[in-house]
Amino acid sequence: MITHQNAQPQKPTRVVLLGARGFIGAAIRGQVEAQGIPAIALTSAELDLAEATAVDKLAALLKPSDAVVMLAALTPDKGRGIATLMKNLVMMQSVCAAIEKSGCAHLVYFSSDAVYDTAISRVTEDTPASPQDLYGAMHYTREIMARSLTKVPVLVLRPTLIYGLHDTHNSYGPNRFRRAAQKDGKITLFGGGEETRDHIHVDDVAALTVRCLLCKSTGTLNVATGVSKSFHELAELVAKQFDNSIEIIVTPRANPITQRHYGVTNLIKAFPDFRFIAPEDGIARVHKQMMEAA
Amino acid sequence: MTTPIIGFAGMTHLGLVSGVSASEKGFNVVCFDLDAARIAALVRHDLPVSEPQLNELTAKNVKRLKFTSAIADLSICDVIYVAPDVPTDVLGQSNLEPVNVLLGAVVAAARADAAVVLLSQVPPGFTRDWQRPGRVLYYQVETLIFGRAVERALYPERYIVGCADPTQPLPLAYQTFLTAHGCPILPMRYESAELAKISINMCLVASVSVANTLAELCEKIGAVWSEIVPALKLDKRIGQYAYLAPGLGIAGGNLERDLATVCNYADRHGTDAGVVRAWIANSCHRRDWTLRTLHRETLSRIDDPVIAVLGLAYKQDTHSTKSSPSLALLEHLKPFRVRVFDPVVPASAAPNPRCYAAKSELDACEGADALAVMTPWQQFSKLDPAKIAQRLRGRVVLDPYATLNVTACRAAGLDYLTLGARS
Chain A
86 MITHQNAQPQ KPTRVVLLGA RGFIGAAIRG QVEAQGIPAI ALTSAELDLA EATAVDKLAA
146 LLKPSDAVVM LAALTPDKGR GIATLMKNLV MMQSVCAAIE KSGCAHLVYF SSDAVYDTAI
206 SRVTEDTPAS PQDLYGAMHY TREIMARSLT KVPVLVLRPT LIYGLHDTHN SYGPNRFRRA
266 AQKDGKITLF GGGEETRDHI HVDDVAALTV RCLLCKSTGT LNVATGVSKS FHELAELVAK
326 QFDNSIEIIV TPRANPITQR HYGVTNLIKA FPDFRFIAPE DGIARVHKQM MEAA
Chain B
1033 MTTPIIGFAG MTHLGLVSGV SASEKGFNVV CFDLDAARIA ALVRHDLPVS EPQLNELTAK
1093 NVKRLKFTSA IADLSICDVI YVAPDVPTDV LGQSNLEPVN VLLGAVVAAA RADAAVVLLS
1153 QVPPGFTRDW QRPGRVLYYQ VETLIFGRAV ERALYPERYI VGCADPTQPL PLAYQTFLTA
1213 HGCPILPMRY ESAELAKISI NMCLVASVSV ANTLAELCEK IGAVWSEIVP ALKLDKRIGQ
1273 YAYLAPGLGI AGGNLERDLA TVCNYADRHG TDAGVVRAWI ANSCHRRDWT LRTLHRETLS
1333 RIDDPVIAVL GLAYKQDTHS TKSSPSLALL EHLKPFRVRV FDPVVPASAA PNPRCYAAKS
1393 ELDACEGADA LAVMTPWQQF SKLDPAKIAQ RLRGRVVLDP YATLNVTACR AAGLDYLTLG
1453 ARS
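Listed below in structure tokens is the structure:
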């Protein structure tokens, strides 16, 4: 559940994006700037939060009136071990220390649905966090670190699986499916693709983030659509976008089927007029962008 | 013995309904409240609550009813019920201060031989803490239902009486009053009676939770809950009166209070209340069915939509809006224009800045993009869906309790959605 600190939407004087190189950061930056809000988008090349000097550099840059959006993290594709965990925690330590030094008006921390037990099929913000791996533990620890900043209004966003043109992780789902379909003319599923997941378009993630910035929202919010589709259904949706026939290949199942659905009532309560991009429309949009880019 | 005189202290819903019903049974009744203004209103027959038959029976038995704010008037009573409704907060936590104050005053004013009977909703252990040497004190379970309170008071299924020592006979006057209702009397320890009241409500919540859980599943897989219910009611282990109608969560305040009490006691004593907490979570989840459905069908599709809402009370035949699903919905419709009608509750109860107080059901529907029937008032069931369709701008009708005629709604071209069935 989140609470809006601003009774009426109000633009922050400036938004500082940490981890702006990723495709979520870029999408948020685009929508922030489209609102006419000044933004500073920092990549790891410009400010390495794991470096010892990061605290002073960031503190010097921050103003007490800034809204900070913290997206920077080493994702599992960069490593799943303890070293990655510790580096991620150091990065968050730098952010918290800099904010303590200089202050800020609002901190939005991008966490992950990895804080929930993968065995839980229906998730809401009331579902107890119970991370099953170091990546989930990292995000949950960083959430607690953010909330320890007692003088700063903090919002934690826990996004579900995100898809969009510029996704860099090529994660299993619409992102990988469209690339595989384009390259090989086929989509290979784990088992029969029976698992259901909630996929959200990156533009929806960015739009919701901007709304939270305007409302200065605090608390915890799952960023999901409330609609879960099986990977097989998603593969069919992706395949439908191509003129040529795309083969959907099922494989022997190696792991038990798990399901994941989101209860998004709190999101609806927070933004009752929000319109999600339907999977059919979102996949078609990304396909069109991909073909245009090609 | 001569017909005993019965006193009722605390003239809110419970005390007033119980007192008027006792007079209908032929007893002379003293109705007392510390609030002189409340008594003055009752003397004018300006009743603070709405219940079927209550006005009529108050007028009919006026000679047997004495409304007073003079506590000394209770001294003529052989049995005195202490019956203020116990207020609760949003978490279902009871405020016991008013009942403590009133009980103290009554115990001090009652004759030594009078039976003082606590009728209010109190947690286990409360009555024994009030037991004093030489004072005849009982706890009696009330099982009134909002909207059917008079009927339940006149024709109780049984009396559950909490006693300091259940092996001792009840005082004659108390026994006489209870026997006049012709139902079984079950004496038991104070704590057992207090927990019996909670146990009854937990059974009701369990049934409702089953109905809500499976009704939601019906909405996904194409089963129809209303087709299943008759099969369940013919099962003797479940029964024809089981609470199996799906709804928008638990409301009204009383069940929420008992849920909170069980959780509090379980936490204190280390017993397992996991299932009770699951019922609470399910209740919250189902309460928002209308909001979720409205978002999916209308709010996320139409710019600046107008929503018609019929019903504000938490259920039919009551003025109460305690935990009302309708108000919970309206709380989240603040950004939108709403048109509201309830036969009893004024539209001012709606927390919306853009609320139009409709003069009738059809007036509420005028130009609306969607209609939500949030209280199953009987009069709503008589509405002609064709006329609703004429007035609405949109086609969406959310009727969680299936108050309207489903077939007629669909024949009128409305997109009809209800609990327990796929749209």
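So the protein sequences, as listed, match chains A and B.
Take 86 as the starting number for the first sequence in our numbering and just add one per residue.
Take 1033 as the starting number for the second sequence in our numbering and just add one per residue.
All C-beta atoms, glycine included, are put in the ideal place defined by N, C-alpha and C.
Everything numeric in this text was worked out from a predicted model, so none of it was measured.
From this set, the options, which residue's C-alpha is nearest residue i's C-alpha?
i	options	result
Ala363 of chain A	A:Asp328, A:Lys314, A:Arg338 and A:Pro341	A:Lys314
Leu1227 of chain B	B:Asn1384, B:Glu1251, B:Thr1450 and B:Thr1293	B:Thr1293
Phe1178 of chain B	B:Leu1086, B:Gly1136 and B:Val1111	B:Leu1086
Ser1352 of chain B	B:Trp1311, B:Val1370, B:Thr1330 and B:Thr1407	B:Thr1407
Leu1169 of chain B	B:Pro1203, B:Leu1359, B:Ser1082 and B:Leu1236	B:Pro1203
Arg1427 of chain B	B:Gln1410, B:Gln1411, B:Ser1455 and B:Trp1409	B:Ser1455
Asp1067 of chain B	B:Ala1345, B:Val1081 and B:Leu1134	B:Leu1134
Asp283 of chain A	A:Leu134, A:Tyr257, A:Leu250 and A:Pro123	A:Tyr257
Gln90 of chain A	A:Leu192, A:Thr169 and A:Gln178	A:Leu192
Thr203 of chain A	A:Asn260, A:Gly276, A:Ile342 and A:Gly107	A:Ile342
Phe316 of chain A	A:Arg263, A:Phe359, A:Asp289 and A:Gly270	A:Arg263
Ser1224 of chain B	B:Tyr1171, B:Ile1270 and B:Asp1336	B:Tyr1171
Ala130 of chain A	A:Leu103, A:Gly121 and A:Ala124	A:Leu103
Arg1309 of chain B	B:Arg1324, B:Asp1290 and B:Val1049	B:Asp1290
Ile247 of chain A	A:Leu219, A:Asp133, A:Val371 and A:Asp141	A:Val371
Gln1125 of chain B	B:Ala1440, B:Asp1145, B:Asn1296 and B:Pro1219	B:Asn1296
His1327 of chain B	A:Asp328, A:Thr310 and A:Ile368	A:Thr310
Ser1332 of chain B	B:Ala1196, B:Leu1151, B:Asp1401 and B:Ala1298	B:Asp1401
Asp328 of chain A	A:Gly270, A:Ala379 and A:Asp162	A:Gly270
Gly107 of chain A	A:Met155, A:Glu136, A:Pro216 and A:Tyr347	A:Met155
Arg1300 of chain B	B:Leu1436, B:Cys1215 and B:Pro1156	B:Pro1156
His1045 of chain B	B:Ile1071, B:Ala1379, B:Ser1082 and B:Asn1060	B:Ser1082
Gly278 of chain A	A:Gln344, A:Lys268 and A:Gln217	A:Gln344
Anything in chain B within Cβ reach of residue i, meaning under 9 angstroms, just list it in chain order.
i	result
Phe359 of chain A	His1327, Leu1331 and Ser1332
So, is residue i buried or exposed, given that buried needs 16 or more other C-beta atoms within 10 angstroms?
i	result
Tyr1187 of chain B	exposed
Met171 of chain A	exposed
Leu1176 of chain B	buried
Cys1109 of chain B	buried
Lys301 of chain A	buried
Leu1074 of chain B	buried
Ile1253 of chain B	exposed
Asp252 of chain A	buried
Leu1089 of chain B	buried
Met176 of chain A	buried
His1077 of chain B	exposed
Asp288 of chain A	buried
Lys1419 of chain B	exposed
Ala152 of chain A	buried
Pro337 of chain A	exposed
Tyr1273 of chain B	exposed
Met1234 of chain B	buried
Leu319 of chain A	buried
Could you work out which residues of chain A lie near residue i, taking near to mean beta carbons separated by less than 7 angstroms?
i	result
Arg1324 of chain B	Thr350 and Ile353
Pro1367 of chain B	Pro357 and Asp358
Asp1320 of chain B	Thr350
His1364 of chain B	Lys354 and Pro357
Mind reading off the beta-carbon distance from residue i to residue j? Whole number of angstroms is fine, and I expect it under 8 angstroms.
i	j	result
Leu1361 of chain B	Leu1403 of chain B	Actually they do not touch by this definition, with Cβ atoms about 12 angstroms apart.
Val1118 of chain B	Val1154 of chain B	7 angstroms
Ser197 of chain A	Gly221 of chain A	7 angstroms
Pro1385 of chain B	Lys1354 of chain B	Not a contact, Cβ separation roughly 23 angstroms.
Gly1047 of chain B	Ala1115 of chain B	4 angstroms
Arg1423 of chain B	Glu1398 of chain B	5 angstroms
Report the neighbours of residue i on chain A: residues whose CB is nearer than 9 angstroms to its CB, in chain order.
i	result
His1317 of chain B	Thr209, Gly348 and Thr350
What residues from chain A crowd round residue i, counting only those whose CB sits closer than 8 angstroms?
i	result
Ala1313 of chain B	Asp211
Three CB pairs or more closer than 8 angstroms across the segment 303 to 310 of chain A and the segment 344 to 354 of chain A = Counting Cβ pairs under 8 angstroms, three or more are found: they touch.
Cβ contact check for the segment 109 to 116 of chain A and the segment 291 to 298 of chain A: 3 or more pairs under 8 angstroms | Taking one beta carbon from each stretch, the segment 109 to 116 of chain A and the segment 291 to 298 of chain A have 3 or more pairs nearer than 8 angstroms; the two touch.
Counting Cβ pairs closer than 8 angstroms, one from the segment 138 to 158 of chain A and one from the segment 185 to 192 of chain A, do we hit at least three?
-> Enough Cβ pairs lie closer than 8 angstroms, so yes.
Report yes or no: do the segment 1339 to 1348 of chain B and the segment 1407 to 1416 of chain B share at least 3 C-beta pairs separated by less than 8 angstroms?
-> A contact exists between the segment 1339 to 1348 of chain B and the segment 1407 to 1416 of chain B.
Does the segment 1250 to 1266 of chain B come close enough to the segment 1217 to 1232 of chain B to have 3 or more Cβ pairs within less than 8 angstroms?
-> No, the segment 1250 to 1266 of chain B is not in contact with the segment 1217 to 1232 of chain B.
Can we say the segment 1236 to 1252 of chain B touches the segment 1205 to 1212 of chain B, given the rule of at least three CB pairs closer than 8 angstroms?
-> The answer is no - the segment 1205 to 1212 of chain B does not touch the segment 1236 to 1252 of chain B, with fewer than three Cβ pairs under 8 angstroms.
Taking three-plus beta-carbon pairs below 8 angstroms as touching, is the segment 1278 to 1292 of chain B in contact with the segment 1384 to 1395 of chain B?
-> In short, these stretches do not touch, since the Cβ pair count stays below three.
State whether the segment 1050 to 1068 of chain B contacts the segment 1034 to 1041 of chain B, with contact taken as three or more CB pairs (one from each stretch) at a distance under 8 angstroms.
-> With the cut-off at 8 angstroms, the segment 1050 to 1068 of chain B and the segment 1034 to 1041 of chain B touch.
Mind the definition here: the segment 1093 to 1112 of chain B touches the segment 1047 to 1056 of chain B only if three or more C-beta pairs lie below 8 angstroms; say whether that holds.
-> Touching, per the Cβ criterion.
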